[in-house]
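The block underneath contains the structure these notes are about, expressed in structure tokens.
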Amino acid sequence: MTHSAGQVGPSNPIRIVLIIGTRPEAIKMAPVVHQFRQDQRFSVTLVVTGQHREMLDPFLKIFDLSPDWDLNLMRENQSLAQLSAKALEGLDQVFQQVQPHLVLVQGDTTTAFMGALSAYYRRIAVGHIEAGLRTGDKFQPFPEEINRRLIGAVADLHFAPTRTACDNLLREGIRPHHIFITGNTVVDALLMTLDRLGPPEPTPKRLLLVTAHRRENWGEPLHRIARALRRIAESFPEVQILFPIHKNPIVRQAVAPQLEGRERILVTEPPDYWDFVQWMRSAYLIITDSGGIQEEAPTLGKPVLVLRDKTERPEAVAAGVVKVIGTDEERIVAEVSQLLTDEAAYRRMQRPVNPYGDGKAARRIVQAVGFFFGLNDRPEDFCPPLNAS
Ligand code: UD1
Numbered sequence: 237m238t239h240s241a242g243q244v245g246p247s248n249p250i251r252i253v254l255i256i257g258t259r260p261e262a263i264k265m266a267p268v269v270h271q272f273r274q275d276q277r278f279s280v281t282l283v284v285t286g287q288h289r290e291m292l293d294p295f296l297k298i299f300d301l302s303p304d305w306d307l308n309l310m311r312e313n314q315s316l317a318q319l320s321a322k323a324l325e326g327l328d329q330v331f332q333q334v335q336p337h338l339v340l341v342q343g344d345t346t347t348a349f350m351g352a353l354s355a356y357y358r359r360i361a362v363g364h365i366e367a368g369l370r371t372g373d374k375f376q377p378f379p380e381e382i383n384r385r386l387i388g389a390v391a392d393l394h395f396a397p398t399r400t401a402c403d404n405l406l407r408e409g410i411r412p413h414h415i416f417i418t419g420n421t422v423v424d425a426l427l428m429t430l431d432r433l434g435p436p437e438p439t440p441k442r443l444l445l446v447t448a449h450r451r452e453n454w455g456e457p458l459h460r461i462a463r464a465l466r467r468i469a470e471s472f473p474e475v476q477i478l479f480p481i482h483k484n485p486i487v488r489q490a491v492a493p494q495l496e497g498r499e500r501i502l503v504t505e506p507p508d509y510w511d512f513v514q515w516m517r518s519a520y521l522i523i524t525d526s527g528g529i530q531e532e533a534p535t536l537g538k539p540v541l542v543l544r545d546k547t548e549r550p551e552a553v554a555a556g557v558v559k560v561i562g563t564d565e566e567r568i569v570a571e572v573s574q575l576l577t578d579e580a581a582y583r584r585m586q587r588p589v590n591p592y593g594d595g596k597a598a599r600r601i602v603q604a605v606g607f608f609f610g611l612n613d614r615p616e617d618f619c620p621p622l623n624a625s
């Protein structure tokens with residue numbers, strides 16, 4: 237499946253565009269950008285759509301990412317359609333000027349989908365990082381499940397983080413030689429970050445770290461989550477709840493008034509990645525609807541309760557360290573109470589496992605791109621240690 241880019245060398249490198257729109261894309265793209273920048277066979281153009289602004293910029297800084305283009309697309313409370321249309325057009329103009337050989341997108345955001353589609357319209361090859369995640373339900377998560385399926389339909393190179401993700405792609409008819417099992421770059425980013433951090437601050441209380449922002453939890457589910465957290469804070473004096481709250485005004489309005497000012501509950505601004513990693517390390521338990529946190533916490537040995545009905549990340553659930561509990565108020569109270577009172581149940585979920593990566597995903601991705609252009613061998617697949625799945 238070699239894709240010719242002509243005679244490649246330092247004077248004629250392969251032009252790669254990498255696209256970032258949101259906070260999780262910055263985290264997961266950072267190791268890939270740095271890996272490509274070290275390799276003279278490639279010239280790298282980093283494009284930021286600015287789908288997020290305040291939540292993106294500190295992450296670009298921490299990971300030392302300086303964008304070559306910034307489309308600055310964020311507007312408060314804009315619709316998915318408005319954002320999509322602007323991203324599609326803005327990225328098309330970038331591609332017209334840069335004339336890349338390959339466009340790399342990450343995950344399942346609007347930015348990633350529009351990046352893939354816009355590249356396809358110009359017949360530019362597309363590589364999808366974190367390919368093959370599926371819940372099988374087109375509304376969960378919304379709209380991410382459809383975004384990633386459609387990116388999968390467009391992509392020429394699929395970087396599946398795990399064997400399960402690879403199997404999902406094969407079932408959809410993607411040819412095996414277009415798929416590379418790389419591990420998830422989030423583990424590369426997390427290990428890079430841990431290297432730079434000191435030990436976490438000891439916390440006198442049992443810290444419950446909570447995040448929730450997904451569209452399918454807007455409205456009543458967020459209210460139920462907030463009510464459950466209030467009951468937990470009232471029943472367990474040894475607990476401290478820490479809830480960094482997403483910048484989206486819809487999420488803020490649903491959560492903040494119910495939790496602010498309550499004893500043992502602290503609602504904060506979203507922290508930068510260093511602080512967030514320290515909070516995860518200090519946490520007794522993490523309660524979240526985020527996808528990335530489900531991948532990070534197992535490496536840190538922290539139990540996770542997932543505030544969703546379905547997950548596209550089944551590996552850590554199978555390993556017994558992540559549990560999908562939904563958003564029913566009684567169920568949240570019951571599950572959290574059990575992990576606060578039943579030591580054996582807690583210990584069972586407190587094992588560090590690593591089903592999502594080994595810190596070498598970015599290296600495999602660069603090697604796979606080299607292979608695609610006929611420059612080197614195919615990388616070895618990531619294969620997690622046996623205790624990890
Ligand atoms: C997006 C992704 C989601 C990812 C999440 C990470 C899509 C469809 N979804 O969802 O998969 O988990 O990012 O956060 O792409 N806002 C600010 N400042 C910021 C960021 C957001 O004010 O720095 C506000 C704006 O009003 C913005 C709104 O939040 O319009 C929602 O942001 P948006 O990118 O539409 O969706 P997310 O819910 O963040």
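At position 167 of the sequence shown (counting the first as 1) the number is 403 in my numbering, and the numbers step up by one without a gap.
Beta carbons: idealized from backbone N, C-alpha and C, even for Gly.
Bear in mind that the values here come from a model prediction, so they are computed numbers and not experimental data.
Status (buried if at least 16 other CB within 10 Å, exposed otherwise) for residue i
| i | result |
| --- | --- |
| P438 | exposed |
| P588 | exposed |
| P473 | exposed |
| G343 | buried |
| D424 | buried |
| T400 | buried |
| A624 | Bear in mind that the predicted position of A624 carries a pLDDT of just 47, short of 50, making it unreliable; the figure below should be weighed with that in mind. So A624 ends up on the buried side. |
| P621 | exposed |
| D613 | exposed |
| R544 | buried |
| Q287 | buried |
| Y520 | buried |
| H413 | exposed |
| T535 | buried |
| F607 | buried |
| S471 | exposed |
Endpoints, the alpha helix (DSSP H) within which residue i is located
| i | result |
| --- | --- |
| A361 | From DSSP, A361 is part of no alpha helix (DSSP H) but of the beta strand (DSSP E) over A361 to I365. |
| I298 | D293 to I298 |
| F331 | L316 to V334 |
| R273 | R259 to R273 |
| R567 | E565 to T577 |
| L301 | First-last for L301: undefined, no H or E at that position. |
| I601 | A597 to F608 |
| V422 | T421 to R432 |
| V553 | E551 to A554 |
Test item: CB-CB of residue i and residue j under 8 Å
| i | j | result |
| --- | --- | --- |
| D525 | A464 | no |
| I415 | A396 | yes |
| L502 | I468 | no |
| V542 | A533 | no |
| G556 | M516 | no |
| G326 | T285 | yes |
| G593 | N420 | yes |
| A262 | I256 | yes |
| S518 | L443 | yes |
| L445 | I522 | yes |
| R549 | L369 | yes |
Supposed close pair residue i, residue j - CB separation, criterion 8 Å
| i | j | result |
| --- | --- | --- |
| R460 | D564 | 7 Å |
| Q243 | V602 | Not really, about 20 Å apart at Cβ, beyond 8 Å. |
| A352 | A391 | 6 Å |
| I382 | H394 | Actually they are not in contact, since the Cβ atoms of I382 and H394 sit about 17 Å apart, beyond 8 Å. |
| I365 | V341 | 7 Å |
| G363 | V605 | 7 Å |
| L338 | A361 | 5 Å |
| R488 | P377 | In fact, because the Cβ distance is near 20 Å, the residues do not count as touching under 8 Å. |
| E531 | V422 | 5 Å |
| L282 | P260 | Not really, about 16 Å apart at Cβ, beyond 8 Å. |
The beta strand (DSSP E) enclosing residue i, as first and last residue numbers
| i | result |
| --- | --- |
| A396 | L393 to A396 |
| R358 | First-last for R358: undefined, no H or E at that position. |
| Q287 | Counting along the chain, Q287 falls outside any beta strand (DSSP E), and DSSP gives it neither H nor E. |
| R442 | R442 to T447 |
| K559 | V558 to V560 |
| V244 | Premise fails: V244 is in no beta strand (DSSP E) and is neither H nor E. |
Which parts of the segment 454–540 are runs of the beta strand (DSSP E), unbroken and 3 residues or longer, counting only runs that do not cross its ends? The qualifying runs are 475–480, 501–504 and 521–524.
Tell me the start and end of each unbroken beta strand (DSSP E) in the segment 369–409 that is at least 3 residues and wholly inside, in chain order. Whole beta strand (DSSP E) segments, 3+ residues: 393–396.
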